[in-house]
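Peer 1: Could you have a look at this structure, given as structure tokens, before my questions?
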Amino acid sequence: MKARVKWTDGRQFVAESGSGHSVVIDGPPDHGGRNTGPRPMEMLLMGMGSCTAFDILNILDKARADVTDCVAELDAERADSVPSVFTRIHVHFVVTGHALKEKQVQRAVELSAEKYCSASIMLTNGGVEIRHSFEIVEA
């Protein structure tokens with residue numbers, strides 16, 4: 195896997211993935227940015243949320259669950275001192291579908307957290323406390 199991050203101006207960067215997709219990353223004005231994109235740590239958090247939601251959808255698809263929507267809501271805390279790493283992350287999934295089984299969704303969340311989500315497992319191994327919860331909404 196490769197990526198390229200090019201500084202454009204102030205604290206703004208254009209990051210390009212190895213698959214050819216680009217995103218603007220920027221800082222707040224009080225740090226020399228122009229607030230034109232997410233902060234680097236926000237990108238990390240969004241990446242982790244996308245990774246785990248991706249897994250959950252794959253697992254539920256294989257179980258033939260009729261999922262119509264999946265939202266991962268993330269709430270993270272960071273250390274007060276430098277480096278201000280993530281210390282805790284709570285991921286709450288809102289899974290919507292037809293006749294979804296609680297045990298299936300719970301198992302999908304557990305498998306993602308313990309076996310499949312490279313991003314969250316990497317953060318956990320780095321000392322971040324990650325908690326998961328979910329709710330099911332009937333479509």
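In this text, residue positions in the sequence shown follow our numbering: the first is 195, and each later residue adds one.
Quick reminder that beta carbons are idealized off the backbone N, C-alpha and C, glycines included.
In this text the structure is predicted, and so the values were computed from the model without any measurement.
Would you list the residues sitting across from VAL265 in a DSSP beta bridge?
Peer 2: VAL288
Peer 1: Indicate the three-state DSSP secondary structure (helix, strand or coil) for ARG357 in the structure shown.
Peer 2: It is not possible to answer for residue 357, since the shown part of the chain is limited to 195 through 333.
Peer 1: Rounded to the nearest angstrom, how far is the Cβ of PRO232 from that of MET242, given a contact under 8 Å?
Peer 2: Not confirmed; about 13 Å, so no contact.
Peer 1: I'd like to confirm the pairing. Which residues does DSSP put opposite ALA209 in its beta bridges?
Peer 2: According to DSSP, ALA209 bridges with VAL199, VAL217.
Peer 1: With DSSP as the reference, label VAL331 as helix, strand or coil.
Peer 2: strand
Peer 1: Starting from the C-beta of PRO223, find all residues in its chain whose C-beta is less than 7 Å away, skip the five residues before and the five after it, and write them out in chain order.
Peer 2: ASN229
Peer 1: What is the DSSP secondary structure of ARG233, counted as helix, strand or coil?
Peer 2: coil
Peer 1: Just the Cα atoms here: how many angstroms apart are VAL285 and LEU238?
Peer 2: Using only the alpha carbons, I get a separation of about 14 Å.
Peer 1: Going straight from the alpha carbon of GLU210 to that of LYS200, what length do you get?
Peer 2: 8 Å
Peer 1: Give the straight-line distance between the Cα atoms of PHE328 and GLU296, rounded to the nearest whole angstrom.
Peer 2: Within the model, the alpha-carbon separation for PHE328 versus GLU296 is close to 9 Å.
Peer 1: Whole angstroms are fine: how far does the CA of ALA257 sit from the CA of HIS292?
Peer 2: 13 Å
Peer 1: For the alpha helix (DSSP H) that LEU305 lies in, which residues bound it at each end?
Peer 2: 296 to 305
Peer 1: Please list the terminal residues of the continuous alpha helix (DSSP H) segment that includes ALA273.
Peer 2: No alpha helix (DSSP H) holds ALA273; DSSP gives it neither H nor E.
Peer 1: Could you tell me the alpha carbon to alpha carbon distance between VAL265 and ILE250, rounded to whole angstroms?
Peer 2: The alpha-carbon atoms of VAL265 and ILE250 are separated by roughly 11 Å.
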